[in-house]
Amino acid sequence: MKPFISFENVSFKYAPEQPKPVLDRINLTVEEGSFVTVLGHNGSGKSTLAKHLNAILTPTEGKVYVDGIDTADEEKLFELRQRVGMVFQNPDNQIVATVVEEDVAFAPENLGVPPAEIRKRVDDALEAVGMSEYKEAASYHLSGGQKQRIAIAGVLAMMPKCIVLDEPTAMLDPQGRKEVMNTIRELNRKAGITIVMITHFMNEAIMADRVVVMDEGRIVLDGGPYEVFSHVEELKSVGLDVPQTTELIYLLKRAGVDIDKTVLTDEECADVLYGLLEGQR
Ligand SMILES: Nc1ncnc2c1ncn2[C@@H]1O[C@H](COP(=O)(O)OP(=O)(O)OP(=O)(O)O)[C@@H](O)[C@H]1O
Ligand SMILES: [Mg+2]
6 MKPFISFENV SFKYAPEQPK PVLDRINLTV EEGSFVTVLG HNGSGKSTLA KHLNAILTPT
66 EGKVYVDGID TADEEKLFEL RQRVGMVFQN PDNQIVATVV EEDVAFAPEN LGVPPAEIRK
126 RVDDALEAVG MSEYKEAASY HLSGGQKQRI AIAGVLAMMP KCIVLDEPTA MLDPQGRKEV
186 MNTIRELNRK AGITIVMITH FMNEAIMADR VVVMDEGRIV LDGGPYEVFS HVEELKSVGL
246 DVPQTTELIY LLKRAGVDID KTVLTDEECA DVLYGLLEGQ R
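Each residue of the sequence shown is one higher than the last, beginning at 6 in our numbering.
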């Protein structure tokens with residue numbers, strides 16, 4: 006299958022005098038329809054990487070292709086931005102209209118989409134994020150999680166193939182986080198939208214098909230969640246924590262307990278512990 010996103014030896018500096026590149030020879034491909042999370046400590050280059058996906062930034066060296074479009078090709082900028090939508094951390098900065106449905110209609114209106122088509126897109130987008138009943142609500146009255154879902158609906162109304170989310174749950178309470186994560190997962194599974202999501206939350210990272218770990222502008226680990234989280238020492242050495250359950254099982258293994266798998270969720274951890282206790286009876 007042709008990759009949807011492809012970074013070919015990409016390096017990036019914000020200014021020529023920066024001593025070290027912020028992205029350092031990145032090679033990365035993402036298949037269409039996949040769900041990738043990007044992890045890394047503060048300043049490792051995650052947001053810089055994300056901004057290369059819809060040409061907010063373009064490489065200092067190397068090439069980024071998205072759906073066959075060279076992101077440095079200015080003539081294709083409009084086409085590129087229709088295909089890749091971005092969602093950022095702060096929902097308040099992304100809401101532009103006071104009424105929910107007007108907010109969601111904003112981008113397609115600017116694109117000159119005919120009114121009947123806009124109506125359908127807005128309804129479909131609100132339905133997809135579970136916010137249909139709020140279409141006439143005042144956007145400033147919504148909770149953080151609801152606002153973020155409206156921001157996602159605004160992106161969906163552009164009918165993108167890919168959504169890039171830079172810490173979309175960082176400012177939300179646990180309920181809001183759950184709502185937004187469920188929405189993202191549904192968009193991936195049901196609508197087949199390619200998702201690239203930056204997060205600091207390990208329990209969110211493990212919902213993806215693939216986890217990419219960055220450190221100092223480079224990709225240091227890349228694989229399925231079970232594969233990546235089996236590298237407990239490497240993750241710690243780049244300043245990341247692993248899920249507590251993963252760590253517990255890892256410590257037991259290191260202490261000589263016979264366990265042959267990596268666990269990610271509480272349920273898997275409980276199963277392994279239960280199995281061990283059963284074995285001792
Ligand atoms: N506009 C800018 N000009 C100069 N340097 C920048 C700029 N934005 C980011 N940087 C630097 O680039 C590096 C990577 O920043 P980036 O924001 O991509 O990291 P990040 O992994 O997203 O971090 P965080 O987890 O804090 O969001 C950092 O050293 C940062 O100081
Ligand atoms: Mg960032």
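Positions of the beta carbon are idealized from the N, C-alpha and C atoms, including for glycine.
In this text, all values refer to a predicted model and were calculated from it rather than measured experimentally.
Check: residue i C-beta below 7 Å from any heavy atom of ligand 1
i: N47; result: yes
i: Y19; result: yes
i: V237; result: no
i: V27; result: yes
Beta strand (DSSP E) segment containing residue i, residue limits
i: S49; result: Taken as a continuous stretch (DSSP letters only), S49 belongs to no beta strand (DSSP E), as it is neither H nor E.
Coarse secondary structure for residue i, derived from DSSP in three states
i: E37; result: coil
i: E184; result: helix
i: E66; result: strand
i: N208; result: helix
i: A130; result: helix
i: I100; result: coil
i: L28; result: strand
i: A121; result: helix
i: S287; result: As displayed, the chain neither begins before 6 nor continues past 286, which places residue 287 out of reach and without an answer.
i: F83; result: helix
i: E191; result: helix
i: V262; result: coil
i: P113; result: helix
i: P21; result: coil
i: P173; result: coil
i: S235; result: coil
Paired residues, beta bridge with residue i - DSSP
i: V218; result: L44 and L226
i: T199; result: C167
i: G90; result: I168
i: L58; result: Paired residues: none, contrary to the question.
i: D75; result: Y70
i: A143; result: V104
Residue i Cβ short of 7 Å to ligand 2 heavy atom set
i: K51; result: yes
i: D220; result: no
i: D171; result: yes
First through last residue of the alpha helix (DSSP H) which encompasses residue i
i: I10; result: Taken as a continuous stretch (DSSP letters only), I10 belongs to no alpha helix (DSSP H), being part of the beta strand (DSSP E) at P8 to F17.
i: K258; result: Q249 to R259
i: R154; result: G149 to L161
i: G284; result: D271 to Q285
i: V268; result: No alpha helix (DSSP H) contains V268, which DSSP labels as neither H nor E.
Below-8 Å beta-carbon distance, residue i vs any chain C residue
i: L240; result: Looking for chain C here will not work: only one protein chain is present.
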